[in-house]
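In what follows, a structure is listed as structure tokens, so that the remarks can point back to it.
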Amino acid sequence: MNKLVLIDGNSIANRAFYALPLLSNDKGVYTNAVYGFAMMLMNVLEREQPDHVLVAFDAGKTTFRHSQYKEYKGGRQKTPSELSEQFPFIRELLDAYSIPRYELVNYEADDIIGTLTKEAEKADLEVVVITGDRDLTQLASPKTTVFITKKGITDMEENTPASLKEKYDLTPEQIIDMKGLMGDSSDNIPGIPGVGEKTALKLLHQFGTVEEVLANADQISGKKLQEKVQDNKESAIMSKELATINTDSPLEIKITDTKYNGYDTEKVIPLLKELGFATLLKNLQGDVAETDKTLENIPFEIVQEITDAHFEDTMALYVELDNDNYHTAPFIGIAIQSKKGVYFANEEAVKQSPAFQTWLEDESKEKTVYDAKKTIVGLSKFDIAVAGITFDIMLASYLLNPSDTIDDFASVAISHDYDAVNTDESIYGKGAKRAIPAEEIVAEHLARKVTAVAELEKKMRN
Numbered sequence: 007m008n009k010l011v012l013i014d015g016n017s018i019a020n021r022a023f024y025a026l027p028l029l030s031n032d033k034g035v036y037t038n039a040v041y042g043f044a045m046m047l048m049n050v051l052e053r054e055q056p057d058h059v060l061v062a063f064d065a066g067k068t069t070f071r072h073s074q075y076k077e078y079k080g081g082r083q084k085t086p087s088e089l090s091e092q093f094p095f096i097r098e099l100l101d102a103y104s105i106p107r108y109e110l111v112n113y114e115a116d117d118i119i120g121t122l123t124k125e126a127e128k129a130d131l132e133v134v135v136i137t138g139d140r141d142l143t144q145l146a147s148p149k150t151t152v153f154i155t156k157k158g159i160t161d162m163e164e165n166t167p168a169s170l171k172e173k174y175d176l177t178p179e180q181i182i183d184m185k186g187l188m189g190d191s192s193d194n195i196p197g198i199p200g201v202g203e204k205t206a207l208k209l210l211h212q213f214g215t216v217e218e219v220l221a222n223a224d225q226i227s228g229k230k231l232q233e234k235v236q237d238n239k240e241s242a243i244m245s246k247e248l249a250t251i252n253t254d255s256p257l258e259i260k261i262t263d264t265k266y267n268g269y270d271t272e273k274v275i276p277l278l279k280e281l282g283f284a285t286l287l288k289n290l291q292g293d294v295a296e297t298d299k300t301l302e303n304i305p306f307e308i309v310q311e312i313t314d315a316h317f318e319d320t321m322a323l324y325v326e327l328d329n330d331n332y333h334t335a336p337f338i339g340i341a342i343q344s345k346k347g348v349y350f351a352n353e354e355a356v357k358q359s360p361a362f363q364t365w366l367e368d369e370s371k372e373k374t375v376y377d378a379k380k381t382i383v384g385l386s387k388f389d390i391a392v393a394g395i396t397f398d399i400m401l402a403s404y405l406l407n408p409s410d411t412i413d414d415f416a417s418v419a420i421s422h423d424y425d426a427v428n429t430d431e432s433i434y435g436k437g438a439k440r441a442i443p444a445e446e447i448v449a450e451h452l453a454r455k456v457t458a459v460a461e462l463e464k465k466m467r468n
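So, in structure tokens, the structure goes:
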């Protein structure tokens, strides 16, 4: 069975904005909603592997529901400018992913999703709805699952007819009746004043629908509740109508228009770089087979001793340790780069290179490194007190874009348009399978890293 994923664009963007701290890229553009939206999108595409995808947006503030109840969604705070200015980037992100998006004047995103859901079910498609709005649970069916965002943006609650039955002892259709009775403060739907979820459920378990509750108001136990229901019949009917998703909206888009054939990394990667999303870039590059990418050759030499012949007054230096606990991590190797060449030395070579130790401790010799703390602590194992560090790539990357998450050296390099390095995971493996490969492989890996250190310094200084 083919699968259609429908995403509630406004709802997810809003959830992302408030779930994440107010981030911005190096150009001062706010990006937290875009980042959260992109995280959700990548996770959903990977998890669901859809054949069809569409993101629905609200077309404006006024819909057909306002003609029925002018106070509909009244009292909502104005959308923060920090969020509204991110919507063009979210739309640009979807275009880069080749994902269709749609909005319809006078209708809400919910109505677009509801209409396409019913059309897809008739065409025998499986439907997955992604939203932060519980109203959409009324669409749950044997063919449709509604996922509601919980904490953050990627943790989601699965809603099916069975789960709604277990949670509320209601059918998906009765979710509308519940809204009719208790209202919805977020949409300014009045319902019956004084009736909350507990009372609404009690009435529905007894009578089934709003209409039956109203028709049997004289049978409701409790005089006050009976009076509330009798005095607010019109409000209850109107509230149910307002909460009902229109599944027959006049869409100009068909299921065939939502076909998804995957994304073009040549479009996605430049946008993620522009937005400064280093972690997402790394994840994306992993998706396009990191191990298969071909890198240009970088000449390097494995040396048994580092001598004065290898030095210049200004050089790039890279120290590799086996894990992030610098004080206890085993030393893997070191690489240096200058106009003279790129050199790799293992632990024994470092110990047997007094000239190198002298150079490392000479404050007048300028050194560009990645992670000064790791460099200093790592070499202190050999009683070397490193001095003369003038530029730290990791620190500079953070200062240029504090919102970036630094996973490893490759993620930093990629975020600054340098991709001639492999990830540590592709070289050493992960978890129980992690292991140090042959020295030639390690040497090439560090040669690429130290070359990147030198190149990134130029980029960052500019």
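Numbering (the numbering used here), first residue to last: 7 to 468.
Each residue gets a CB set at the ideal place from its N, CA and C atoms; glycine is no exception.
message: Taking its Cβ as the centre, do 16 or more other Cβ atoms sit within 10 Å of A295, making it buried, or is it exposed?
response: Here residue 295 refers to the residue found at position 289 of the sequence shown. Any reading at A295 needs caution, since the residue's pLDDT is 43, under 50, leaving its predicted position unreliable; the model's value is listed next. Exposed: under 16 other Cβ atoms inside 10 Å.
- prompt: At which residues does the alpha helix (DSSP H) containing H211 begin and terminate?
  reply: Within the sequence shown, numbered from 1, the residue matching residue 211 stands at position 205. Element bounds for H211: 203-213.
- prompt: Are the region 45-54 and the region 425-441 touching by the rule of at least three beta carbon pairs closer than 8 Å?
  reply: no
Identity of the residue in D425, E353, A361 nearest T384 by Cα: Here the question's residue 384 lines up with position 378 in the sequence shown. In the sequence under discussion, the amino acid at residue 384 is Gly, which differs from the Thr named in the question. When only C-alpha atoms are compared, the closest one is E353.
query: What distance in whole Å lies between the Cβ atoms of Y349 and I338, which are believed to be in contact at a cut-off of 8 Å?
result: Here residue 338 is taken as the residue at index 332 of the sequence shown, counted from 1. Here residue 349 is taken as the residue at index 343 of the sequence shown, counted from 1. Actually they are not in contact, since the Cβ atoms of I338 and Y349 sit about 15 Å apart, beyond 8 Å.
query: Would DSSP call G15 helix, strand or coil?
result: Looking up residue 15 in the sequence shown gives position 9. Three-state DSSP puts G15 in a helix.
- prompt: Should A22 be labelled buried (16 or more other beta-carbon atoms within 10 Å of its own) or exposed?
  reply: Counting from one through the sequence shown, the residue named residue 22 turns up at place 16. By the neighbour-count rule (16 or more Cβ atoms within 10 Å), A22 is buried.
- prompt: If you drop the 5 nearest sequence neighbours on each side, which residues of the same chain put their C-beta closer than 7 Å to that of F283?
  reply: For the purposes of this step, residue 283 is taken as residue 277 along the sequence shown, with counting starting at 1. If we look at F283 and ignore the five residues flanking it on each side, its Cβ neighbours are Y41, A44.
message: For F397, list the residues DSSP reports as bridge partners.
response: As a first step, residue 397 must be located in the sequence shown, where it is residue number 391. DSSP output for F397 lists T374 as bridge partner(s).
field: Three-way DSSP call (helix, strand, coil) for Y75 in this model
entry: Walking along the sequence shown from the start, residue 75 turns up at place 69. If DSSP states are grouped into helix, strand and coil, Y75 belongs with coil.
query: From V418, V448, S417, L405, pick the residue whose C-alpha is nearest to that of D32; which is it?
result: Your numbering for residue 32 matches position 26 in the sequence shown. Among V418, V448, S417, L405, the Cα nearest to that of D32 is on L405.
message: Could you give the first and the last residue of the continuous beta strand (DSSP E) run that contains L187?
response: Here residue 187 refers to the residue found at position 181 of the sequence shown. L187 -> not in any beta strand (DSSP E); alpha helix (DSSP H) instead, spanning 180-188.
message: Within a Cβ cutoff of 7 Å, which residues of the same chain sit near A394, ignoring the five residues on either side of it in sequence?
response: Taking the sequence shown and counting its residues from 1, the one referred to as residue 394 is at position 388. According to the sequence displayed, residue 394 carries Gly and not Ala. These residues qualify, in order along the chain: D368, E369, S370, K371, E372, K373.
message: Which of the three DSSP states is assigned to T297 in this structure?
response: By 1-based counting over the sequence shown, the position of residue 297 is 291. Bear in mind that a pLDDT of 41 at T297, under 50, signals an unreliable position, so the number given afterwards is only what the model happens to contain. The answer is helix: DSSP assigns T297 an H, G or I state.
message: Between E240, F95, Q225, K171, which has its C-alpha nearest G197's C-alpha?
response: Working through the sequence shown from its first residue, we reach residue 197 at position 191. It is E240 whose Cα lies nearest to the Cα of G197.
task: Could you pull out every residue in the same chain whose Cβ sits closer than 8 Å to the Cβ of T160, ignoring the five residues on either side in sequence?
output: Position 154 of the sequence shown, counted from the start, is the residue given in the question as residue 160. Correct list, in chain order: M45, M46, N49.
task: Alpha carbon to alpha carbon, how far is V235 from K156? Give it in angstroms, no decimals.
output: By one-based count along the sequence shown, residue 156 stands at place 150. By one-based count along the sequence shown, residue 235 stands at place 229. For K156 and V235, the distance between alpha carbons rounds to 33 Å.
message: Just verifying my parser: in three-state terms, what is the DSSP assignment at L278?
response: Here residue 278 corresponds to residue number 272 of the sequence shown, with the count starting at 1. Helix at L278.
task: From the DSSP output, in three-state form, read off M321 for me.
output: Residue 321 sits at position 315 when you count from the first residue of the sequence shown. Strand, per DSSP.
message: Applying the 10 Å Cβ sphere with the 16-neighbour rule, what's the burial state of N303?
response: Counting from 1 along the sequence shown, the entry for residue 303 is found at position 297. Exposed: under 16 other Cβ atoms inside 10 Å.
- prompt: When the Cα of N16 is compared with those of L28, T264, R97, which residue comes out closest?
  reply: Translated into positions along the sequence shown, residue 16 becomes position 10. When only C-alpha atoms are compared, the closest one is R97.
query: Where does Y103 fall in DSSP's three states?
result: Walking along the sequence shown from the start, residue 103 turns up at place 97. Coil at Y103, not helix or strand.
- prompt: For D175 versus H211, is the C-beta spacing smaller than 8 Å?
  reply: For this step, residue 175 is matched to residue 169 along the sequence shown. For this step, residue 211 is matched to residue 205 along the sequence shown. Against a cut-off of 8 Å, the Cβ pair of H211 and D175 comes out as a contact.
query: Are the Cβ atoms of T253 and K124 separated by less than 8 Å?
result: Numbered from 1 along the sequence shown, position 247 holds the residue referred to as residue 253. Numbered from 1 along the sequence shown, position 118 holds the residue referred to as residue 124. In contact: T253 and K124 (Cβ atoms closer than 8 Å).
Selection from L452, E445, V418 that minimises the alpha carbon distance to E4: No answer is possible for residue 4: the residues shown for the chain start at 7 and end at 468.
field: Neighbourhood of D139 by C-beta distance below 8 Å, restricted to the same chain and skipping five residues each side
entry: Stepping through the sequence shown from its first residue, residue 139 is reached at position 133. Excluding positions up to five away in sequence, the list reads D14, S17, D116, I154.
query: Helix or strand or just coil, what does DSSP make of A3?
result: Residue 3 lies beyond the residue range present for the chain, which begins at 7 and ends at 468; the question has no answer from this structure.
task: Check F95 in the structure and name its three-state DSSP category.
output: The residue labelled residue 95 in the question sits at position 89 within the sequence shown. F95: helix per DSSP, three-state reduction.
Cα-Cα separation, Q358 to T381: Residue 358 sits at position 352 when you count from the first residue of the sequence shown. Residue 381 sits at position 375 when you count from the first residue of the sequence shown. So the two alpha carbons sit approximately 18 Å from each other.
message: What does the alpha-carbon distance come out to for the pair G34 and G268?
response: Within the sequence shown, residue 34 is the residue found at index 28, counting from 1. Within the sequence shown, residue 268 is the residue found at index 262, counting from 1. Straight-line Cα distance between these residues: approximately 31 Å.
message: Given this structure, state the Cα-to-Cα distance separating V448 from D425, to the nearest angstrom.
response: Taking the first residue of the sequence shown as position 1, residue 448 is located at position 442. Taking the first residue of the sequence shown as position 1, residue 425 is located at position 419. C-alpha separation (whole angstroms): 18 Å.
- prompt: Does the distance from the C-beta atom of A206 to that of L170 stay below 8 Å?
  reply: Reading the sequence shown from its first residue, position 200 is the one you call residue 206. Reading the sequence shown from its first residue, position 164 is the one you call residue 170. No, the pair does not count as a contact, with Cβ atoms beyond the cut-off.
- prompt: Using the beta-carbon count (16 or more within 10 Å), is P56 buried or exposed?
  reply: As a position in the sequence shown, residue 56 is number 50, starting the count at 1. By the neighbour-count rule (16 or more Cβ atoms within 10 Å), P56 is buried.
message: Considering only their Cβ atoms, is the gap separating N112 from T85 smaller than 8 Å?
response: To locate residue 85, count along the sequence shown from 1; it is residue 79. To locate residue 112, count along the sequence shown from 1; it is residue 106. No. Outside cutoff.
message: On the criterion of 16 or more Cβ atoms from any shown chain inside 10 Å, does M7 qualify as buried, or is it exposed?
response: Numbered from 1 along the sequence shown, position 1 holds the residue referred to as residue 7. Label assigned to M7: exposed.
query: Do you know how far the Cα of A402 is from the Cα of M466?
result: As a working note, residue 466 is residue 460 in the sequence shown. As a working note, residue 402 is residue 396 in the sequence shown. Cα to Cα, the separation comes out at about 7 Å.
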